[in-house]
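Peer 1: If you're matching positions, the sequence shown starts at 4 in my numbering and goes up one per residue.
Idealized CB from N, CA, C, for every residue including glycine.
In this text the structure is predicted, and so the values were computed from the model without any measurement.
Below you'll find the structure I mean.
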Amino acid sequence: MSNPTYENVHNQFKLNGFHLDRDDLCRVAYSFIKEGEDFEKPVGDFLLDWFDGKDYIEMQTSGTTGIPKVVRISKNAMVNSALATGDFFELEPGNRALHCLPVKYVAGKMMLVRAMILGLDLEFVAPSSNPLENVDGNFDFVAMVPLQAQHSIKELKRVKKAIVGGAKISNSLEKQLLKLKTEVYETFGMTETITHIAAKRIGEKAFTVLPNVTISYDEDKCLVIHAPSISDDIIHTNDIVELVNENQFVFVGRKDNVINSGGIKLIPELIEEKLAGKIEQNYFITSKEDKELGQKVVLVIEGEKHPVDDAVFESLDKYEKPKEILFVKKFKETPSGKVIRKETLNANE
Numbered sequence: 004m005s006n007p008t009y010e011n012v013h014n015q016f017k018l019n020g021f022h023l024d025r026d027d028l029c030r031v032a033y034s035f036i037k038e039g040e041d042f043e044k045p046v047g048d049f050l051l052d053w054f055d056g057k058d059y060i061e062m063q064t065s066g067t068t069g070i071p072k073v074v075r076i077s078k079n080a081m082v083n084s085a086l087a088t089g090d091f092f093e094l095e096p097g098n099r100a101l102h103c104l105p106v107k108y109v110a111g112k113m114m115l116v117r118a119m120i121l122g123l124d125l126e127f128v129a130p131s132s133n134p135l136e137n138v139d140g141n142f143d144f145v146a147m148v149p150l151q152a153q154h155s156i157k158e159l160k161r162v163k164k165a166i167v168g169g170a171k172i173s174n175s176l177e178k179q180l181l182k183l184k185t186e187v188y189e190t191f192g193m194t195e196t197i198t199h200i201a202a203k204r205i206g207e208k209a210f211t212v213l214p215n216v217t218i219s220y221d222e223d224k225c226l227v228i229h230a231p232s233i234s235d236d237i238i239h240t241n242d243i244v245e246l247v248n249e250n251q252f253v254f255v256g257r258k259d260n261v262i263n264s265g266g267i268k269l270i271p272e273l274i275e276e277k278l279a280g281k282i283e284q285n286y287f288i289t290s291k292e293d294k295e296l297g298q299k300v301v302l303v304i305e306g307e308k309h310p311v312d313d314a315v316f317e318s319l320d321k322y323e324k325p326k327e328i329l330f331v332k333k334f335k336e337t338p339s340g341k342v343i344r345k346e347t348l349n350a351n352e
């Protein structure tokens, strides 16, 4: 199909086994809105927005790093993002894909756009923790959040390629996924970049950018993204990275999370990595104000209070060692499973 645009639907596109064109999809949208289940209604809304004649879609950011805000995303940019994903993961018309993400968010919207633009055979199911459980057959491509990947370990052998995003893949999940034949990729992106602009095969350290994306960093070592096909603006992030080359980078941590303890700058994500496998529960490193140090390192553990053996901290430098350990019954998380650190800490006070 030449020159895909948001006004056209690929002639090989299928939804739940049916070939549907633009008019069919508008009819499906109305029936989803009128009679559909809760998870189908946002699909109806999105399809009507997609075919409404405007050249943009309004979307809400996840709010992990600030107040959620509504952003306008160009439909052409979404088409370009879908084409870049198709190139990167070598997706072809007729490939079978599973859609198991909420369409309220950008990742769920983009799975629909990829299917319509690339001509995928899309099986659409209710978002759940184990989406492969109630669907038959094999799939060429699926996008999941880490929680879904965790619960789908036994079923993932039916999937050729899986992308996992929305939150970091934990070390324990990565170990389980590495045992599978499935090609699993961790993705990197945000609403403003229309989901991912980079991905890495699990087990690898560096992310590789998608076609038509170049990267650099600013004076704070924060990633700067140049992606003219998806954004007219250069995108400045708060993600501290190490550049491998103009196409690859290693994620180090978030600038907003950096701790200044007695004049020493500490990156929580690096400390968390050193503690990997030594604490069974979910945990994260953050800071609290301290009269002497300015900020002190704090370890927050999910669950009931229990003694923590000092041997856990043997791999940490003197400054990295937590000055306080807090226990929180349940971490605050975004729908994709990303821990909202500040809210979790505040809930404990």
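Is Pro105 near Pro310, with beta carbons less than 8 angstroms apart?
Peer 2: In the sequence shown, counting from the first residue as 1, residue 105 sits at position 102. In the sequence shown, counting from the first residue as 1, residue 310 sits at position 307. Cβ distance not < 8 angstroms, so Pro105 and Pro310 don't count as in contact.
Peer 1: Measure how close the beta-carbons of Thr196 and Ile238 come, nearest whole angstrom, since I'm counting them as under 8 angstroms.
Peer 2: Here residue 196 refers to the residue found at position 193 of the sequence shown. Here residue 238 refers to the residue found at position 235 of the sequence shown. Contact flag correct, Cβ pair sits at about 6 angstroms.
Peer 1: Quick check on DSSP: helix, strand or coil for Asp238?
Peer 2: Here the question's residue 238 lines up with position 235 in the sequence shown. Residue 238 is actually Ile in this sequence, not Asp. Looking at Ile238 - three-state DSSP - the assignment turns out to be strand.
Peer 1: For the alpha helix (DSSP H) containing Leu329, name the first residue and the last one.
Peer 2: As a working note, residue 329 is residue 326 in the sequence shown. Where Leu329 is concerned, there is no enclosing alpha helix (DSSP H), although the beta strand (DSSP E) it sits in stretches over Glu327 to Val331.
Peer 1: So, Ala129 versus Glu40, is the Cβ gap smaller than 8 angstroms?
Peer 2: For the purposes of this step, residue 129 is taken as the residue at position 126 of the sequence shown. For the purposes of this step, residue 40 is taken as the residue at position 37 of the sequence shown. In this structure, Glu40 lies closer than 8 angstroms to Ala129 by Cβ.
Peer 1: Roughly how many angstroms separate the alpha carbons of Asp235 and Asp293, rounded to a whole number?
Peer 2: Counted from its first residue, the sequence shown places residue 235 at position 232. Counted from its first residue, the sequence shown places residue 293 at position 290. Approximately 43 angstroms, taken between the alpha carbons.
Peer 1: Helix, strand or coil for Gln153? Go by DSSP, reduced to three states.
Peer 2: Indexing the sequence shown from 1 puts residue 153 at position 150. If DSSP states are grouped into helix, strand and coil, Gln153 belongs with the helices.
Peer 1: Could you say if the segment 202-220 and the segment 249-268 meet the contact criterion of at least three C-beta pairs nearer than 8 angstroms?
Peer 2: Contact holds: three or more Cβ-Cβ distances are below 8 angstroms.
Peer 1: Look at the alpha carbon of Leu1 and the alpha carbon of Gly111, and state the distance between them as a whole number of angstroms.
Peer 2: There is no way to answer for residue 1, as the model of the chain reaches only from 4 to 352.
Peer 1: Between Pro325 and Leu123, what straight-line distance do the alpha-carbon atoms span, to the nearest angstrom?
Peer 2: Mapped onto the sequence shown, residue 325 falls at position 322. Mapped onto the sequence shown, residue 123 falls at position 120. Cα to Cα, the separation comes out at about 49 angstroms.
Peer 1: If you follow the beta strand (DSSP E) that Asn263 is in, where does it begin and where does it stop?
Peer 2: Position 260 of the sequence shown, counted from the first residue, corresponds to residue 263. Here the beta strand (DSSP E) through Asn263 covers Ile262 to Ser264.
Peer 1: Kindly indicate which three-state DSSP category Gln284 falls into: helix, strand or coil?
Peer 2: On the sequence shown, position 281 is the one that residue 284 refers to. Gln284 falls in the coil class under three-state DSSP.
Peer 1: Any chance you could list the alpha helix (DSSP H) runs of at least 4 consecutive residues sitting entirely within the segment 73-161, in chain order?
Peer 2: Taking only runs of at least 4 residues, the alpha helix (DSSP H) segments lying wholly in the segment 73-161 are 78-91, 109-121 and 149-154.
Peer 1: Hey, could you find the ends of the alpha helix (DSSP H) Ile274 is sitting in?
Peer 2: As a working note, residue 274 is residue 271 in the sequence shown. Where Ile274 is concerned, the enclosing alpha helix (DSSP H) stretches over Pro271 to Lys277.
Peer 1: Leaving out five residues on either side along the sequence, give the residues of the same chain with a beta carbon under 8 angstroms from the beta carbon of Asn79.
Peer 2: Locating residue 79 in the sequence shown gives position 76, where the first residue counts as 1. Answer for Asn79: Thr8, Tyr9 and Asp58, listed in chain order.
Peer 1: Where in the segment 181-220 do unbroken runs of the beta strand (DSSP E), each at least 3 residues long, occur, reported from the N-terminal end onward?
Peer 2: Whole beta strand (DSSP E) segments, 3+ residues: 186-193, 198-204, 210-212 and 217-220.
Peer 1: Give me the residue from Glu158, Val167, Val148 and His154 with the minimum Cα distance to Gly140.
Peer 2: Position 137 of the sequence shown holds residue 140. Selected option, being the one with the closest Cα: Glu158.
Peer 1: Helix, strand or coil for Met4? Go by DSSP, reduced to three states.
Peer 2: To locate residue 4, count along the sequence shown from 1; it is residue 1. With a pLDDT of only 47 at Met4, under 50, the local geometry of the prediction cannot be trusted, and the value read off the model is given with reservation. DSSP places Met4 in coil when its eight states are reduced to three.
Peer 1: Would you mind working out which of Glu222, Ala201 and Arg117 sits nearest Met193, comparing C-alpha positions?
Peer 2: Mapped onto the sequence shown, residue 193 falls at position 190. Closest by alpha carbon: Ala201.
Peer 1: Under a three-way DSSP split, which group does Gly256 fall into?
Peer 2: On the sequence shown, position 253 is the one that residue 256 refers to. If DSSP states are grouped into helix, strand and coil, Gly256 belongs with the strands.
Peer 1: Can you check which of these residues, Arg75, Ile120 and Ile304, is closest to Gly94 by C-alpha distance?
Peer 2: Numbered from its first residue, the sequence shown carries residue 94 at position 91. Checking the displayed sequence, the identity of residue 94 turns out to be Leu instead of Gly. Measuring from the Cα of Leu94, the nearest candidate turns out to be Ile120.
Peer 1: Between the alpha carbons of Leu50 and Ser290, how many angstroms are there, rounded?
Peer 2: To locate residue 50, count along the sequence shown from 1; it is residue 47. To locate residue 290, count along the sequence shown from 1; it is residue 287. Their backbone Cα atoms lie some 44 angstroms apart in a straight line.
Peer 1: Is the segment 176-191 touching the segment 150-165 in the sense that three or more CB pairs, one from each, lie closer than 8 angstroms?
Peer 2: Yes: at least three Cβ pairs fall under 8 angstroms.
Peer 1: Can you tell me which residues form a DSSP beta bridge with Phe21?
Peer 2: The sequence position of residue 21 within the sequence shown is 18, counting from 1. Answer by DSSP bridge pairing, in chain order: Leu18.
Peer 1: CA-CA distance, Tyr322 and Phe92?
Peer 2: Within the sequence shown, residue 322 is the residue found at index 319, counting from 1. Within the sequence shown, residue 92 is the residue found at index 89, counting from 1. Taking the straight line joining both Cα atoms gives about 42 angstroms.
Peer 1: What is the DSSP secondary structure of Gly168, reduced to helix, strand or coil?
Peer 2: Within the sequence shown, numbered from 1, the residue matching residue 168 stands at position 165. Coil at Gly168, not helix or strand.
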